Amino acid sequence: MHYPEPISKLMESFMKLPGIGPKTAARLAFFVLGMKEDTVLDFAKALVDAKRNLSFCSNCGHITDVDPCHICQDPQRDRTTICVVQDPKDVIAMEKMRDYTGLYHVLQGAISPMDGIGPEDINVPSLLRRLQDEEVAELILATNPTIEGEATAMYISRLVKPSGIKTTRIAHGLPVGGDLEYADEVTLSKALEGRREL
Amino acid sequence: MRIDRLELLNYRNYESLDLAFSPEINVFIGENAQGKTNIMESLYVLSMAKSHRASNDKELIRWETDYGKIKADVYRKYGKLPLEITLSKKGKSAKVNHLEQRRLSDYIGQLNVVMFAPEDLNLVKGSPQVRRRFIDMEIGQISPLYLHDLLTYQKLLKQRNHILKQNYGKKIVDDVMFDVYTEQFIEAAVKIIRKRYQFMDLLQKWAEPIHQGISRGLEQLQIRYQPISGLQPEWTSKEMASFLEQKLAEVRKRELERGLTLVGPHRDELQFFVNGYDVQTYGSQGQQRTTALSLKLAEIELIKQEVGEAPVLLLDDVLSELDDYRQSHLLNTIKGSVQTFVTTTSVEGIQHETIQSARLFEVSQGTVKE
Ligand SMILES: Nc1ncnc2c1ncn2[C@@H]1O[C@H](COP(=O)(O)OP(=O)(O)OP(=O)(O)O)[C@@H](O)[C@H]1O
Ligand SMILES: [Mg+2]
Ligand SMILES: [Zn+2]
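As you go down the protein sequences, you meet chains P and H in turn.
Letter 27 of the first sequence, counting from 1, is numbered 27 in our numbering, and no numbers are missing.
Our numbering runs 1000 ahead of the 1-based position in the second sequence.
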């Protein structure tokens, strides 16, 4: 079907979002046409603001609107424990659980040779720097239970081993091959309890 | 288990099809290129979520349509189990009892089929790859966990090969990373090897007496599964792992020269011996055929034992190829206990008795008449 250009452009934009195909994009585009102009402007502004005002914490790599992020700044947090995750979404999942009081380090990915992603391409160097500069006693490796997540955890634990810092791997109460963000909070807290030393 | 009803929508040359089957023997008769194998294939896809002959799922969707569907009412000993596979250009989805399955490994195993098609004669003659595929598909049916382990293995192999390629002809730059991937690779390899040993053992146990029966007591069949030479089946996982580690270290230089992993179950071999002779090299055509038939019949028994229910048997174009003696041997084995689907271009080569008790379907240009 042929749409007027402004609509097909809008559809094209919607289709850049995950899980949205041409049909849904068309539905959303026509819905926007029926919205009040103010609402549409607010919507557009919210999109731009989110992009402009959010950045990554220079310390832990989590997504934030202040730098360092709220978690890194919080004096109540246990600064001797760092939980290493792949994605900001994982931090949010862990925070929902309210059990964990240490700090985080967000890798923004996992080591995957076939995708050309090596340790320097994710936040591994900044993690090693933190371990040198801060008083860290324990590193919890909570990367995803996938092949790459597992390899990344093993890789980090080998690099850290000589320093004497204790490294533990989050136990797999998690579904095999699943991502951390899908794990419900109960399994997640179970997994955290049962972490094993690497 | 059995299939009571099959519906096809835009599958191969079928626009829409709705068939009810006999719990015993169903025979599809038709000229060449009318759609007989397509029906068998659809039943196979229903079981394995993958075609036995097409490498690309898109080939299965009827030309000039966007998606195809296979639906069936399967009966297992605890009752009715509707299965559904939807194929689209973007991918496929699978439902069990109307519920979408998130992982294909959750889907596979709901319906077990054993397919015997002319290509299966290649099982003995063909390349090692054909035999590895046979092992993988058969173990996968009775152990979805194996499929999961296999996927993991294949992915690790790919990752490891990538590291080798990146360091092509040189030394490994980041050897911590290489070691980490190698260690995971070995762990996955051992899991695969152990499962294959276990399965081949069972297969041997069932195939031997069956082969003896088909050969009128004249032939002794032996299946030999040969992973990395020197590896012993009775070793513990740990012993196997350190053996693999050592073997990998030995070939490290060559691996770097070629950018490829040279040791592991992706290079496994399966051999068949009749009375001590390698059937692949020395067997007559008849012996190769009998070996393939014995393996297929053994699979039926194996699934019966492991799953607790008989699989569905698909005989594509092979029944009329077998001589009378082998035909009756086959038919006696399945009689009354295994639902069977047969295709043929004419009923002439098939025993009269079988045809009499079977439900017959005529296949012509994408339509089927009972
Ligand atoms: N995706 C598709 N869409 C439409 N038609 C298809 C598709 N794929 C294959 N066909 C058609 O299906 C027919 C082949 O069907 P099939 O392989 O089932 O034949 P058959 O009856 O088993 O023949 P034979 O006796 O030669 O084995 C061919 O006519 C082919 O053109
Ligand atoms: Mg055919
Ligand atoms: Zn931070």
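Think of the CB as a built atom: it goes at the ideal place given N, C-alpha and C, for glycine as much as any other residue.
From a predicted model like this one, the values you see are computed outputs, not experimental measurements.
Self-check item: Contacts of R77 (chain P) in chain H (Cβ-Cβ under 8 Å)
Solution: As a first step, residue 77 (chain P) is located in the first sequence; it is residue number 77 there, counting from the start. None at all; the shortest Cβ gap to chain H is about 30 Å.
Quiz item: So with Cβ pairs under 8 Å, would you call L159 (chain P) a contact of chain H?
Solution: Numbered from 1 along the first sequence, position 159 holds the residue referred to as residue 159 (chain P). Yes - at least one Cβ of chain H is within 8 Å of the one on L159 (chain P).
Exercise. Kindly indicate if chain H contains any beta-carbon less than 8 Å away from that of V176 (chain P).
Key: Position 176 of the first sequence, counted from the start, is the residue given in the question as residue 176 (chain P). Reliability of the predicted coordinates at V176 (chain P) is poor, the pLDDT of 42 falling under 50, and no value is obtained from them.
Quiz item: Does the beta-carbon distance from A1310 (chain H) to M1001 (chain H) come in below 8 Å?
Solution: One-based indexing of the second sequence puts residue 1310 (chain H) at position 310. One-based indexing of the second sequence puts residue 1001 (chain H) at position 1. Yes.
Quiz item: P145 (chain P) CB to nearest chain H CB: under 8 Å?
Solution: In the first sequence, residue 145 (chain P) corresponds to position 145, counting from 1. With 8 Å as the cut-off, P145 (chain P) does not count as an interface residue toward chain H.
Practice problem: Give the C-beta separation of G1035 (chain H) and N1013 (chain H) to the nearest angstrom, bearing in mind that I take them to be a contact with Cβ-Cβ under 8 Å. | Solution: On the second sequence, position 35 is the one that residue 1035 (chain H) refers to. On the second sequence, position 13 is the one that residue 1013 (chain H) refers to. Taking 8 Å as the upper bound for CB-CB distance, G1035 (chain H) and N1013 (chain H) are in contact here, some 5 Å apart.
Quiz item: Given a threshold of 16 other Cβ atoms within 10 Å of its Cβ, counted over all protein chains shown, does V48 (chain P) qualify as buried or as exposed?
Solution: Counting from one through the first sequence, the residue named residue 48 (chain P) turns up at place 48. Counting Cβ neighbours within 10 Å, V48 (chain P) comes out exposed, since fewer than 16 surround it.
Practice problem: Would you mind telling me which residues of chain H sit closer than 8 Å to G118 (chain P), beta carbon to beta carbon, in chain order? | Solution: Locating residue 118 (chain P) in the first sequence gives position 118, counting from the first residue. G118 (chain P) reaches chain H at D1174 and M1177, counting residues in chain order whose Cβ is nearer than 8 Å.
Practice problem: Determine the burial state of M35 (chain P): buried for a count of at least 16 other Cβ atoms within 10 Å of its Cβ, exposed for fewer. | Solution: Translated into positions along the first sequence, residue 35 (chain P) becomes position 35. Classification of M35 (chain P): exposed, given that the 10 Å Cβ count is below 16.
Self-check item: Per DSSP, the bridge partner or partners of I1061 (chain H)
Solution: Translated into the one-based positions of the second sequence, residue 1061 (chain H) becomes position 61. DSSP output for I1061 (chain H) lists H:Y1011 as bridge partner(s).
Quiz prompt | Span of the alpha helix (DSSP H) around N1026 (chain H) | solution = Stepping through the second sequence from its first residue, residue 1026 (chain H) is reached at position 26. From DSSP, N1026 (chain H) is part of no alpha helix (DSSP H) but of the beta strand (DSSP E) over I1025 to I1029.
Quiz item: Roughly how many angstroms separate the alpha carbons of L174 (chain P) and G149 (chain P), rounded to a whole number?
Solution: By one-based count along the first sequence, residue 174 (chain P) stands at place 174. By one-based count along the first sequence, residue 149 (chain P) stands at place 149. Only weak support exists for where L174 (chain P) lies, its pLDDT of 47 falling under 50; the coordinates are left without a value.
Quiz item: E1362 (chain H): which of H:I1350, H:Q1356, H:Q1351 and H:S1346 sits nearest, CA to CA?
Solution: Sequence index remark: in the second sequence, residue 1362 (chain H) carries index 362 (1-based). For the residues H:I1350, H:Q1356, H:Q1351 and H:S1346, the minimum Cα distance to E1362 (chain H) belongs to H:S1346.
Practice problem: Going by CA-CA distance only, name the one from H:L1111, H:E1245, H:Y1282 and H:T1182 that's closest to L1313 (chain H). | Solution: Position 313 of the second sequence, counted from the first residue, corresponds to residue 1313 (chain H). For the residues H:L1111, H:E1245, H:Y1282 and H:T1182, the minimum Cα distance to L1313 (chain H) belongs to H:L1111.
Quiz prompt | At least three beta-carbon pairs within less than 8 Å, the stretch 1159-1175 of chain H to the stretch 1204-1223 of chain H | solution = By the criterion of at least three beta-carbon pairs nearer than 8 Å, the stretch 1159-1175 of chain H is not in contact with the stretch 1204-1223 of chain H.
Quiz item: Contact between the stretch 84-94 of chain P and the stretch 1131-1141 of chain H: three or more CB pairs below 8 Å?
Solution: Verdict: no, contact absent.
Practice problem: Note down the Cα distance separating V176 (chain P) from Y3 (chain P), rounded to an integer number of angstroms. | Solution: If you number the first sequence from 1, residue 176 (chain P) lands on position 176. If you number the first sequence from 1, residue 3 (chain P) lands on position 3. Residue placement at V176 (chain P) is flagged as unreliable, the pLDDT there being 42, under the threshold of 50; the coordinate-derived value follows with that caveat. Going by the C-alpha atoms only, they are around 44 Å apart.
Quiz prompt | Limits of the alpha helix (DSSP H) - the one that M94 (chain P) falls within | solution = Here the question's residue 94 (chain P) lines up with position 94 in the first sequence. Segment P88 to M97, the alpha helix (DSSP H) holding M94 (chain P).
Self-check item: Residues bridged to C83 (chain P) [DSSP beta-bridge criterion]
Solution: Within the first sequence, the letter at position 83 stands for residue 83 (chain P). In the DSSP secondary-structure assignment, C83 (chain P) is bridged to P:Y104 and P:I140.
Quiz prompt | Own chain partners of D67 (chain P) with C-beta closer than 7 Å, once the 5 adjacent residues on each side are dropped | solution = Within the first sequence, residue 67 (chain P) is the residue found at index 67, counting from 1. Within the same chain, D67 (chain P) has close Cβ partners S55, C57 and S58.
Quiz item: What whole-angstrom Cβ distance do I71 (chain P) and Y104 (chain P) have, given they're in contact under 8 Å?
Solution: Within the first sequence, numbered from 1, the residue matching residue 71 (chain P) stands at position 71. Within the first sequence, numbered from 1, the residue matching residue 104 (chain P) stands at position 104. Correct: roughly 6 Å between the Cβ atoms.
Exercise. Could you tell me whether any non-hydrogen atom of ligand 3 is closer than 7 Å to the CB of N123 (chain P)?
Key: By 1-based counting over the first sequence, the position of residue 123 (chain P) is 123. Outside the cutoff, so no.
Practice problem: For P18 (chain P), count neighbouring C-beta atoms within 10 Å of its own C-beta (all shown protein chains included) and say buried if the count is 16 or more, exposed if not. | Solution: Your numbering for residue 18 (chain P) matches position 18 in the first sequence. Around the beta carbon of P18 (chain P), fewer than 16 other beta carbons sit within 10 angstroms, so the residue counts as exposed.
Quiz prompt | L159 (chain P) to E37 (chain P) span [Cα, whole Å] | solution = Translated into the one-based positions of the first sequence, residue 159 (chain P) becomes position 159. Translated into the one-based positions of the first sequence, residue 37 (chain P) becomes position 37. Each residue's alpha carbon lies about 55 Å from the other.
Quiz prompt | 6 Å Cβ shell around P1128 (chain H) - same chain, five flanking residues per side excluded | solution = For the purposes of this step, residue 1128 (chain H) is taken as the residue at position 128 of the second sequence. The residues are E1269.
Practice problem: For W1063 (chain H), count neighbouring Cβ atoms within 10 angstroms of its own Cβ and tell me buried if that reaches 16, exposed if not. | Solution: Here residue 1063 (chain H) is taken as the residue at index 63 of the second sequence, counted from 1. W1063 (chain H) is exposed by the Cβ-count criterion.
Exercise. For ligand 2, enumerate in chain order all residues having a CB closer than 7 Å to any of its heavy atoms.
Key: Those residues are H:K1036, H:T1037, H:D1316, H:D1317 and H:T1343, given in chain order.
Quiz item: Buried or exposed: P33 (chain P), going by 16 or more other Cβ atoms within 10 Å of its Cβ?
Solution: Position 33 of the first sequence holds residue 33 (chain P). A quick correction: the sequence has Leu, not Pro, at residue 33 (chain P). Exposure of L33 (chain P) is indicated by the presence of fewer than 16 other C-beta atoms within 10 angstroms of its C-beta.
Exercise. Would you mind telling me which residues of chain P sit closer than 9 Å to K1158 (chain H), beta carbon to beta carbon, in chain order?
Key: Here the question's residue 1158 (chain H) lines up with position 158 in the second sequence. Going along chain P in sequence order, the residues near K1158 (chain H) (Cβ under 9 Å) are P113 and M114.
Practice problem: Would you mind stating whether L1244 (chain H) and I1192 (chain H) have Cβ atoms separated by less than 8 Å? | Solution: Within the second sequence, residue 1244 (chain H) is the residue found at index 244, counting from 1. Within the second sequence, residue 1192 (chain H) is the residue found at index 192, counting from 1. In this structure, the beta-carbon distance from L1244 (chain H) to I1192 (chain H) does not fall below 8 Å.
Exercise. Starting from K166 (chain P), follow the beta strand (DSSP E) in both directions and report where the run begins and ends.
Key: Position 166 of the first sequence, counted from the start, is the residue given in the question as residue 166 (chain P). Boundaries of the beta strand (DSSP E) around K166 (chain P): K166 to R169.
Quiz item: Taking the C-alpha atoms as reference points, what is the distance between R1053 (chain H) and K166 (chain P)?
Solution: As a first step, residue 1053 (chain H) must be located in the second sequence, where it is residue number 53. As a first step, residue 166 (chain P) must be located in the first sequence, where it is residue number 166. The alpha-carbon atoms of R1053 (chain H) and K166 (chain P) are separated by roughly 52 Å.
Exercise. Give the secondary structure of Q1287 (chain H) by DSSP, where H, G and I count as helix, E and B as strand, and everything else as coil.
Key: On the second sequence, residue 1287 (chain H) is found 287 positions in, with the first residue counted as 1. DSSP places Q1287 (chain H) in helix when its eight states are reduced to three.
Quiz item: For the beta strand (DSSP E) that contains K1170 (chain H), what are its first and last residues?
Solution: One-based indexing of the second sequence puts residue 1170 (chain H) at position 170. Careful: K1170 (chain H) lies outside any beta strand (DSSP E) and carries neither H nor E.
Self-check item: Reference Q1287 (chain H); option with closest CA among H:K1253, H:L1322 and H:I1300
Solution: Walking along the second sequence from the start, residue 1287 (chain H) turns up at place 287. Ranking the options by Cα distance to Q1287 (chain H), first place goes to H:L1322.
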